[in-house]
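Student: Residues in the sequence shown are numbered consecutively from 1485, following the working numbering. Structure provided below as structure tokens; questions to follow.
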Amino acid sequence: MSWQGYVDEQLIGTGLLENAAILSVADGSVWGVKPSDFIKSGEGANIVELYKSPSNAFSKGIVIGGVKYMGIKADERSLYGKKGATGVACAKTNQCIIIGYYNEKQQPGNAALCVEKLADYLIDNGY
1485 MSWQGYVDEQ LIGTGLLENA AILSVADGSV WGVKPSDFIK SGEGANIVEL YKSPSNAFSK
1545 GIVIGGVKYM GIKADERSLY GKKGATGVAC AKTNQCIIIG YYNEKQQPGN AALCVEKLAD
1605 YLIDNGY
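Quick look at the structure:
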């Protein structure tokens, strides 16, 4: 399956996320994204840098799609951010970072689980 296929089928296709992306862990380049303008210029590289010091998510927030989210969870594997009733969940594998955005009608826990399950699958398959 292509990276875009994972975004379309395993993330957006579940109905648990409104927007999603898969980025390179090396440089933050976009491997798959929906919608196409979800990740703004420079944001991928900023997420990669944030993973180097995850605690900065609490002080600096997590910026995705031009929106700043308050960091609510941050460690070497996962970054979660919230803004009102919406938010983002990010999970890192050896080669990529999976990002999912949930809207006010979607459940944060289900959205995060969707992102984390894909990360587990990719890790189990060498990614």
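Where is the CB? At the ideal position from N, CA and C, for every residue including glycine. These numbers were taken from a predicted model, which means no experiment stands behind them.
(1) Given V1532, which residues of its chain have a CB within under 6 Å of its CB, disregarding the five upstream and five downstream residues?
(2) Given 8 Å as the limit, is there contact between the segment 1487 to 1507 and the segment 1550 to 1560, that is, 3 or more CB pairs closer than that?
(3) Quick check on the burial criterion: 16 or more other C-beta atoms within 10 angstroms. Buried or exposed for A1510?
(4) Please look up how many angstroms separate the CB atoms of L1602 and L1495, rounded, as I've assumed it's under 8 Å.
(5) Who does M1485 pair with in a DSSP beta bridge?
(6) Write down the C-beta distance between I1548 and V1572 rounded to the nearest angstrom, noting that I regard them as a contact closer than 8 Å.
(7) Could you check which residue in L1500, G1497, E1502, G1516 has the C-alpha nearest to that of I1582?
(8) So is G1584 buried or exposed if we call it buried at 16+ other beta carbons inside 10 Å?
(9) Leaving out five residues on either side along the sequence, give the residues of the same chain with a beta carbon under 8 Å from the beta carbon of E1493.
(10) Are A1595 and G1565 closer than 9 Å when you measure CB to CB?
Tutor: Let's see:
(1) The sequence position of residue 1532 within the sequence shown is 48, counting from 1. Excluding sequence neighbours, V1532 sits near G1512.
(2) For the pair of segments examined, the segment 1487 to 1507 was found not to touch the segment 1550 to 1560: the number of CB pairs separated by less than 8 Å stays below three.
(3) On the sequence shown, residue 1510 is found 26 positions in, with the first residue counted as 1. Exposed is the label assigned to A1510, since fewer than 16 other Cβ atoms lie within 10 Å of its Cβ.
(4) Counting from one through the sequence shown, the residue named residue 1602 turns up at place 118. Counting from one through the sequence shown, the residue named residue 1495 turns up at place 11. About 7 Å separates the CB atoms of L1602 and L1495; that is less than 8 Å, so the two are in contact.
(5) On the sequence shown, residue 1485 is found 1 positions in, with the first residue counted as 1. Answer is none; M1485 lacks a bridge partner.
(6) In the sequence shown, the residue the question calls residue 1548 occupies position 64. In the sequence shown, the residue the question calls residue 1572 occupies position 88. For I1548 against V1572, the beta-carbon gap comes to about 5 Å, under 8 Å, which counts as contact.
(7) One-based indexing of the sequence shown puts residue 1582 at position 98. Of the candidates L1500, G1497, E1502, G1516, G1516 places its Cα closest to the Cα of I1582.
(8) For the purposes of this step, residue 1584 is taken as the residue at position 100 of the sequence shown. So G1584 ends up on the buried side.
(9) As a first step, residue 1493 must be located in the sequence shown, where it is residue number 9. Around E1493: M1485.
(10) Position 111 of the sequence shown, counted from the start, is the residue given in the question as residue 1595. Position 81 of the sequence shown, counted from the start, is the residue given in the question as residue 1565. The answer is no: Cβ separation not under 9 Å.
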